[in-house]
Amino acid sequence: MIDIDRLKILTESAKYDVSCSSSGSNRKNTCNGVGNAAYGGICHSFTPDGRCISLLKILMSNKCIYDCLYCVNRRSNDIPRATATPDEICELTMSFYKRNYIEGLFLSSSVEYSPDKTMELLLETVIKLRKVYGFNGYIHLKGIPNADRMMILRAGNYVDRMSFNIELPSEKSLKLLAPQKSKDSIIKPMKMLSDDAYNYKANSKYKHSFLPAGQTTQMIVGASPETDGHILKLTESLYRQFKLKRVYYSSYVPVNFKTPYLPVENTRLLREHRLYQADWLLRFYGFNSDEIVDDNGFLEEKYDPKCAWALKHLELFPVEINTAPIEMLVRIPGVGIKSAYRIAAARKYTNLSFDDLKRMKIVLKRAKHFVTCNGKFQGSDNDSVIKTMLLLAETNENYTQMSMFSTPEITKSVITGEI
Amino acid sequence: MKVFTCEDCAVGFFSAVFKAYESKIMPDIITSSKTYQPSFTTEVIGVINNEVNAKRVENAIIKYTGFTSEVKNIRLALLSSSSLKETICYNYIKLIVEKKQRVDKMLNEIAVIEFNELKDKITYEKHRMTGFLRFHETDKGVLYAHYEPDNNITEILAPHFAKRLNNIPFIIHDVKRNVLALYNGKEIRTIKSDTPLYIYFSEQEESMQKLWKKYFDSVNIKERPHLKQQDGYLPRRYRKHMSEFSL
């Protein structure tokens, strides 16, 4: 079994990866195996930073030949280094899983010798875990840029999810801050996996066996000068073209290190928060990235992006709760996906009044300025009054409630992202 | 005011509902609460379990709604720790009988709102416990977990772990209610027992808990504390039985 000191080193080096979700896979147990996957994902604990622990997030090694300026594990950083063997990772995963500490494994690694050698070790570990240890729980494997494509494809047969991190939102920034990585080394394998997943799905014989939980990626926000609009456009194309399941953002935090290329201050959490809100609008609310950024390409700081959009389109409001199509209901500020579906279900039986909505716990603080119930209107028709009221609603809201990092991706998580 | 009292189980509750419709006494409250205190003007009627009558109520619900799932949902809601659970379920059944159709989507009806709240709390707690339950390895290789859920969820929680742990036997122990789910690697049995259990941990157990605690501490980003969110997602009352908080 791995010793406590190396566990500490390899965990601390892995913890800045935002993704920890265990959702999206339906993997079943086998007759002598241990474990299965829960489609909605399960959170097993929460750390004092408010993040969920779902997977055992660990590096095989934090010894790195690369020197990416934003990364804790960069070669030139003076930190303790360690390496674990495939068997140590497998044993630890099994022991933690049995005790219900975790939902599975999130395995990544620094590049110790070469990308191929590193990918080979990762692949060996996940194959062992599945075949020798009989583990059928969730595995999220980090892909190594520039590694052999056959190894990357092979890994897709054993793990539930894979991710290559975009790291920075443009090639220019990547060149500046992570000169040993190129856009191609990240984008190409993502495209390859997404094409292959498609081919596997088309061939029913292989159903569910290839990356059932798809791919995700992550990028650092605030380390480089890209606008919100640029980031959201990139996000949008990743969702639409590569069928990514999730794009994560991480606010840039300076890691005890000064360079003229990087800002000295933390990126404001509010920016990350607004980006996640916009990301929800892209994925669940039917918005396009062009609709939600302002003329300078940034998201409004004062209001959430849906509010900001609605204020720019007051001519479309108020909408009638009892007749508006669901695509329009979800565009009402303050009405989330879940609320919209509840309204749609309830109005089949009766005409809904404001009292009905209150009883159904639909939050009207913001929505009342944008809706009518049976023709009745309870908001203000003065634009500046509406703006003031919305600002008040915003400051009362604890915005950190939403996904500062990874929110638990349980089915209920649609609620936490509601805006 | 009229009150029916019944036993704290599905049969007890459905027997009381049968009695209400049969005797046309339609009570204001149905309760199994041991602490219920009637006032001077309250007429209390005790209802005895009757399997046949209970089944007839269940069948009537299925007939009106066209779905067996409604009976399942009511049984689920009855696992709640709320002293109002029987009355809320009773009001829900009254609405089904009144409308003679499924009512679960009539989301503006108070009876439906209250019923859904009751039921959702239980499903949510069960979901949480699939993550928060902690097993300890005993010297016999059996996994043992103790916990104190708000609602009586042991029976609906155990199948989740049986699917996962497969050939590994386990015990889930609700120490507040003395309810145990026993799994021998093949089937689950849920029992009520006050007999004290003597559990001896395996040799590795303590060091595994230490490794887990170290992992928990290391994965946290100290520079970004957010205790409010931690408290919201992982209520403090659950932490007593979780090794990362009790070590």
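Going down the list, the protein sequences come from chains A and B. Taken in order, the first sequence gives residues 8 to 426; the numbers are from the numbering used here. Taken in order, the second sequence gives residues 85 to 331; the numbers are from the numbering used here. Cβ coordinates follow ideal geometry from the N, Cα and C atoms, glycine included. Given the structure is predicted, the values throughout are model-derived calculations rather than measurements.
Under 7 Å from the C-beta of residue i: neighbouring residues of chain B
| i | result |
| --- | --- |
| E19 (chain A) | S302 |
| G42 (chain A) | R248 |
| N107 (chain A) | L217, R218 and F219 |
Residue closest to residue i, alpha-carbon to alpha-carbon, out of the options
| i | options | result |
| --- | --- | --- |
| N143 (chain B) | B:S167, B:V101 and B:L227 | B:V101 |
| G47 (chain A) | A:N39, A:E174, A:P176 and A:S28 | A:S28 |
| V155 (chain B) | B:K306, B:G130, B:S166 and B:V187 | B:V187 |
| L160 (chain A) | A:D235, A:K64, A:L241 and A:I134 | A:I134 |
| K15 (chain A) | B:I305, B:P309, B:Q313 and B:H310 | B:I305 |
| G386 (chain A) | A:L321, A:S192 and A:D235 | A:L321 |
| T379 (chain A) | A:G236, A:L359, A:M169 and A:M67 | A:L359 |
| P233 (chain B) | B:S277, B:T274, B:I206 and B:L162 | B:I206 |
| A204 (chain A) | A:A162, A:T234, A:E119 and A:L269 | A:A162 |
| F245 (chain B) | A:N172, A:I109, A:S180 and A:A220 | A:I109 |
| I339 (chain A) | A:P232, A:I369, A:T357 and A:H280 | A:I369 |
| E307 (chain B) | A:F103, A:G150 and A:P55 | A:P55 |
| A230 (chain A) | A:P261, A:K124 and A:F103 | A:P261 |
Bridge-paired residues (DSSP) for residue i
| i | result |
| --- | --- |
| D315 (chain B) | Answer by DSSP bridge pairing: none, since D315 (chain B) is not bridged. |
| A21 (chain A) | Paired residues: none, contrary to the question. |
| H257 (chain B) | B:H230 and B:L264 |
| E174 (chain A) | A:M226 |
| H220 (chain B) | B:Y228 |
| R168 (chain A) | A:H147 |
| C380 (chain A) | A:K383 |
| C71 (chain A) | For C71 (chain A), which the question treats as bridged, DSSP gives no partner whatsoever. |
| I129 (chain B) | B:F88 |
For residue i, the three-state DSSP class (helix, strand or coil)
| i | result |
| --- | --- |
| A229 (chain B) | strand |
| T207 (chain B) | helix |
| M190 (chain B) | coil |
| V51 (chain A) | In the sequence as presented, Val is not what sits at residue 51 (chain A); that position holds His. Note: H51 (chain A) maps to coil in three-state DSSP. |
| E425 (chain A) | In this prediction, E425 (chain A) has a pLDDT of 39, which is less than 50 and means its spatial position is unreliable; nothing more can be read from the coordinates. |
| H237 (chain A) | helix |
| K188 (chain A) | coil |
| I109 (chain A) | coil |
| G96 (chain B) | helix |
| R308 (chain B) | coil |
| R273 (chain B) | strand |
| L371 (chain A) | coil |
| N405 (chain A) | A caution first: N405 (chain A) carries a pLDDT of 47, below 50, which makes its placement in the model unreliable, though a value can still be read off. N405 (chain A): coil per DSSP, three-state reduction. |
| T115 (chain B) | strand |
| S410 (chain A) | Here S410 (chain A) scores only 36 on pLDDT, less than 50, and its place in the model should not be relied on; the value that follows carries that caveat. Three-state result, S410 (chain A): coil. |
| F291 (chain A) | helix |
| E307 (chain A) | coil |
| T90 (chain A) | strand |
| E182 (chain B) | helix |
| S327 (chain B) | helix |
| K35 (chain A) | coil |
| M118 (chain A) | In the sequence as presented, Met is not what sits at residue 118 (chain A); that position holds Val. In the structure shown, V118 (chain A) sits in coil (DSSP, three-state: anything other than H, G, I, E or B). |
Beta-carbon gap between residue i and residue j smaller than 9 Å
| i | j | result |
| --- | --- | --- |
| K313 (chain A) | L288 (chain A) | yes |
| Y174 (chain B) | F97 (chain B) | yes |
| C90 (chain B) | I114 (chain B) | yes |
| V326 (chain A) | F361 (chain A) | no |
| L239 (chain A) | I299 (chain A) | yes |
| Y282 (chain B) | I256 (chain B) | no |
| F285 (chain B) | E328 (chain B) | no |
| I60 (chain A) | C75 (chain A) | no |
| I103 (chain B) | I129 (chain B) | Reading off the sequence shown, one finds Lys at residue 103 (chain B), where the question assumed Ile. For K103 (chain B) and I129 (chain B), yes; Cβs fall inside 9 Å. |
| M199 (chain A) | R156 (chain A) | yes |
| E334 (chain A) | G293 (chain A) | yes |
| S216 (chain A) | F249 (chain A) | no |
| L306 (chain A) | I393 (chain A) | no |
| E19 (chain A) | I72 (chain A) | no |
Interface residues of chain B facing residue i [CB-CB closer than 9 Å]
| i | result |
| --- | --- |
| S117 (chain A) | Chain B residues near S117 (chain A): none, gap ~16 Å exceeds 9 Å. |
| L359 (chain A) | N192 |
Contacts of residue i in chain A (Cβ-Cβ under 8 Å)
| i | result |
| --- | --- |
| Y317 (chain B) | C50, F53, G57, C59 and P415 |
Amino acids of chain A, ordered along the chain, whose beta-carbon sits closer than 9 Å to that of residue i
| i | result |
| --- | --- |
| N235 (chain B) | None at all; the shortest Cβ gap to chain A is about 17 Å. |
Contacts of residue i in chain A (Cβ-Cβ under 7 Å)
| i | result |
| --- | --- |
| K298 (chain B) | I11, L14 and K15 |
| I240 (chain B) | Those do not exist, as I240 (chain B) stays about 15 Å from chain A at its closest Cβ, beyond 7 Å. |
Proximal chain B residues relative to residue i, where beta-carbon distance stays under 8 Å
| i | result |
| --- | --- |
| F305 (chain A) | None at all; the shortest Cβ gap to chain B is about 24 Å. |
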